[in-house]
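Everything on this sheet refers to the single structure shown next.
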Amino acid sequence: MNVKTGTNAGPLLWATALAFGLLVGCGGDDTKPSATGGPDNTGGAGGAGGTDGAGGTGGSGLPPEPPVDPTPWSGAYGDLAENDFSRRLKLDVDPTGNVALIGMATGILDFGGGPFGSATASSGFLARFDVRGNHVWSRRLSTALPFGVAFDREGNMVVTGKLTGEEDFGGGPLVPADGTDLFIVKLDPEGGHLWSKAFGAGGSQQGTSVAVKDTGDIVITGTVAGTIDLGGGPLESGTGGTLIAQLDADGNHAWSRVLADTPYPDGIAVDRTGGIVVAIGGAFPYRIVKLDPGGADVWSRDIAGAFGDTLSNRVSCDDDGNVLVTGHFGSTLQIGSLTLEALSSAPLEPGTTDYDGFVAKLDASGTPLWARRFGDGAAARGIGVAAVGDEIALAGIFDVSMDLGGAAIVGRDCSTGFASRLDAAGNALWSRPFANEGVSSCLNVQDMAMSGTSNLVMTGFFAGTADFGTGPTSRGDAWPGWTAFVAKLPQ
Numbered sequence: 000m001n002v003k004t005g006t007n008a009g010p011l012l013w014a015t016a017l018a019f020g021l022l023v024g025c026g027g028d029d030t031k032p033s034a035t036g037g038p039d040n041t042g043g044a045g046g047a048g049g050t051d052g053a054g055g056t057g058g059s060g061l062p063p064e065p066p067v068d069p070t071p072w073s074g075a076y077g078d079l080a081e082n083d084f085s086r087r088l089k090l091d092v093d094p095t096g097n098v099a100l101i102g103m104a105t106g107i108l109d110f111g112g113g114p115f116g117s118a119t120a121s122s123g124f125l126a127r128f129d130v131r132g133n134h135v136w137s138r139r140l141s142t143a144l145p146f147g148v149a150f151d152r153e154g155n156m157v158v159t160g161k162l163t164g165e166e167d168f169g170g171g172p173l174v175p176a177d178g179t180d181l182f183i184v185k186l187d188p189e190g191g192h193l194w195s196k197a198f199g200a201g202g203s204q205q206g207t208s209v210a211v212k213d214t215g216d217i218v219i220t221g222t223v224a225g226t227i228d229l230g231g232g233p234l235e236s237g238t239g240g241t242l243i244a245q246l247d248a249d250g251n252h253a254w255s256r257v258l259a260d261t262p263y264p265d266g267i268a269v270d271r272t273g274g275i276v277v278a279i280g281g282a283f284p285y286r287i288v289k290l291d292p293g294g295a296d297v298w299s300r301d302i303a304g305a306f307g308d309t310l311s312n313r314v315s316c317d318d319d320g321n322v323l324v325t326g327h328f329g330s331t332l333q334i335g336s337l338t339l340e341a342l343s344s345a346p347l348e349p350g351t352t353d354y355d356g357f358v359a360k361l362d363a364s365g366t367p368l369w370a371r372r373f374g375d376g377a378a379a380r381g382i383g384v385a386a387v388g389d390e391i392a393l394a395g396i397f398d399v400s401m402d403l404g405g406a407a408i409v410g411r412d413c414s415t416g417f418a419s420r421l422d423a424a425g426n427a428l429w430s431r432p433f434a435n436e437g438v439s440s441c442l443n444v445q446d447m448a449m450s451g452t453s454n455l456v457m458t459g460f461f462a463g464t465a466d467f468g469t470g471p472t473s474r475g476d477a478w479p480g481w482t483a484f485v486a487k488l489p490q
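In terms of numbering that gives the first Met the number 0, the sequence shown opens at residue 0 and continues consecutively.
This is the structure we're talking about:
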């Protein structure tokens with residue numbers, strides 16, 4: 000087994016100017032754990048009732064989450080190269096509303112701890128904000144490219160991605176064996192190193208998404224081209240396959256497997272039973288796979304016509320184990336017996352923009368319940384979806400106009416971000432567009448998560464100035480180029 004680890008639990012030291020340097024959970028957003036007991040966290044049984052008395056109430060398996068500060072905020076964080084197509088931003092929100100942001104970009108970024116980055120070379124970064132959007136810590140990475148992030152219940156941050164050269168997260172250097180390795184690192188709330196590992200034995204391996212169960216167990220997805228061993232023995236993928244694996248809270252192997260001929264997993268969700276749902280895109284057809292807590296197959300469902308967006312998590316679950324998925328498609332979308340027709344008759348091919356967005360709901364057995372189309376046949380797509388009680392939060396982008404069944408919203412004839420809330424049957428309760436102001440460029444949403452049950456948090460990039468409901472947001476000067484943003488939207 001070729002594994003490189005770092006175990007020094009000492010804190011990472013952040014330079015003032017950072018010169019050395021964006022999941023999905025059932026009953027909530029991407030990776031936020033469920034707040035009530037279940038098979039992984041079973042509550043106590045209620046006492047038996049007397050002759051005329053009621054039985055006692057069973058204790059909950061986990062304490063209820065505290066209320067999350069609903070105060071909205073937004074921030075813009077630097078200059079991104081105009082023609083940089085490597086921009087990848089992902090985020091997660093912990094149970095108390097802190098935000099983790101990861102990504103890779105070409106440009107100079109400043110999240111509040113000082114500028115870092117390069118105007119000519121792409122690099123990865125990690126950042127954390129508090130519930131009000133204040134900078135906690137941030138760091139530029141040397142060679143690691145982060146693709147997935149999740150919080151555990153204690154506010155520790157788990158990140159996975161691709162290691163292209165030597166990287167030290169604070170526990171000693173990790174070096175890929177040959178080619179690129181999958182890495183996973185766990186940091187405490189202050190950015191201190193808890194542990195880090197890299198896996199690979201030749202070929203190309205990378206982590207793509209991560210979720211954390213209530214137990215603290217960590218589930219990751221990744222891509223494998225070659226051989227990888229996470230501790231359970233070598234796994235072979237041939238020319239390419241999807242890795243799904245579970246580690247314990249300390250990074251020790253629990254189980255792992257590779258699904259052949261499934262080139263790119265987009266997102267991951269964990270349901271209340273500890274079961275795992277994975278969205279696999281990047282090829283036709285888009286596929287949803289359900290595994291039991293031990294990694295065995297439960298069901299899979301192809302979504303014919305959909306093309307996965309590999310930059311975002313695109314699957315979630317509600318409290319009943321129903322599965323929510325969003326994406327985009329061209330021509331015709333087939334989910335079981337349900338069919339959606341796009342406004343464009345052209346079939347979707349990689350690189351095309353003649354497509355519409357969709358959001359769909361499947362029951363716990365994988366049977367489709369409903370599906371909704373949105374957009375105007377020109378570059379509309381769903382970026383993120385999350386169950387919020389009996390409702391559904393949805394975020395994405397569109398071009399000219401879109402209508403989910405409520406009032407239509409109008410874009411800027413360019414990429415426009417949106418946030419929507421749907422009821423359990425998929426009917427729109429409200430939708431809001433978000434665009435840059437006064438500049439003929441686009442606003443692109445790349446990821447979203449929920450802060451508590453009220454506020455949707457999104458990240459992406461725009462040019463000029465944008466307003467997310469809290470007043471104009473910009474870099475603070477006249478620079479008209481691209482800037483990364485994070486926005487916690489008003490309720």
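For every residue, glycine included, the Cβ atom is placed at its ideal position computed from N, Cα and C.
Here residue 454 is buried. Its C-beta has 16 or more other C-beta atoms within 10 Å. In the three-state DSSP reduction, residue 229 falls in the coil class, being neither helix nor strand. Inter-segment contact for the stretch 371-380 and the stretch 390-398 is present: three or more beta-carbon pairs are separated by less than 8 Å.
DSSP places residue 432 in the uninterrupted beta strand (DSSP E) bounded by 427-433.
Runs of the alpha helix (DSSP H) lying entirely within the stretch 75-139 and spanning at least 4 residues: none are present.
When rounded, the separation of the alpha-carbon atoms in residue 114 and residue 181 is 28 Å. In the DSSP assignment, residue 443 falls within the unbroken beta strand (DSSP E) covering 442-450. When Cβ pairs closer than 8 Å are counted between the two stretches, the stretch 148-160 is seen not to touch the stretch 130-138, the count staying below three. Residue environment analysis places residue 490 among the exposed positions, since fewer than 16 neighbouring C-beta atoms fall within 10 angstroms of its C-beta.
Measuring C-alpha to C-alpha distances from residue 415 to each of 434, 462, 428 identifies 434 as the nearest. By the criterion of at least three beta-carbon pairs nearer than 8 Å, the stretch 383-392 is not in contact with the stretch 364-374. For residue 226, the closest C-alpha among the options 256, 321, 443, 208 is that of 256. The residue among 330, 353, 343, 393 with its C-alpha nearest the C-alpha of residue 359 is 393. Counting only the Cα atoms, residue 197 lies some 23 Å from residue 260. Between residue 293 and residue 381, the beta carbon gap of about 30 Å keeps them out of contact (Cβ cut-off 8 Å).
Take the alpha-carbon of residue 357 and the one of residue 170: they are about 43 Å apart. Counting every other CB atom within 10 Å of its CB across the protein chains shown gives residue 407 a total below 16, marking it as exposed. The continuous beta strand (DSSP E) containing residue 462 extends over residues 454-462. DSSP places residue 174 outside both helix and strand once states are collapsed to three, so it counts as coil. Residue state for residue 214 is assigned as coil, using DSSP reduced to three classes. Contact between residue 97 and residue 190 does not hold, since their C-beta atoms are separated by about 12 Å, which reaches or exceeds 8 Å. About 11 Å separates the CB atoms of residue 88 and residue 99; that is not less than 8 Å, and the two are not in contact. Between residue 237 and residue 278, the alpha-carbon positions lie close to 21 Å from each other. Residue 268 sits close to residue 210, with the two beta carbons spaced by under 8 Å.
With a threshold of 16 other beta carbon atoms within 10 Å, residue 338 falls short and is exposed. In the structure shown, residue 168 adopts coil according to DSSP, grouped into three states. Your pair residue 258 and residue 231 does not check out as a contact, with CB atoms roughly 15 Å apart and the cut at 8 Å. Closest in C-alpha terms to residue 320, from the list 365, 280, 304, 334, comes 365.
Residue 419 is classed as buried because its beta carbon has at least 16 other beta carbons within 10 Å across all chains shown. By DSSP's assignment, residue 264 forms a beta bridge with 279. In this structure, residue 157 sits away from residue 101, with a CB-CB distance that is not shorter than 8 Å.
The beta carbon of residue 204 is closer than 8 Å to those of 161, 178, 179, 180, 181, 198, 221, 222, 223, 224, 225, 227, 242 in its chain, skipping five residues each way along the sequence.
Per DSSP, the beta-bridge partners of residue 355 are 328.
Taking 8 Å as the cut-off, the beta carbon of residue 137 is found no closer than this to the beta carbon of residue 164. Excluding its 5 nearest sequence neighbours in each direction, residue 322 has C-beta neighbours in its own chain below 6 Å: 276, 316, 361, listed in chain order.
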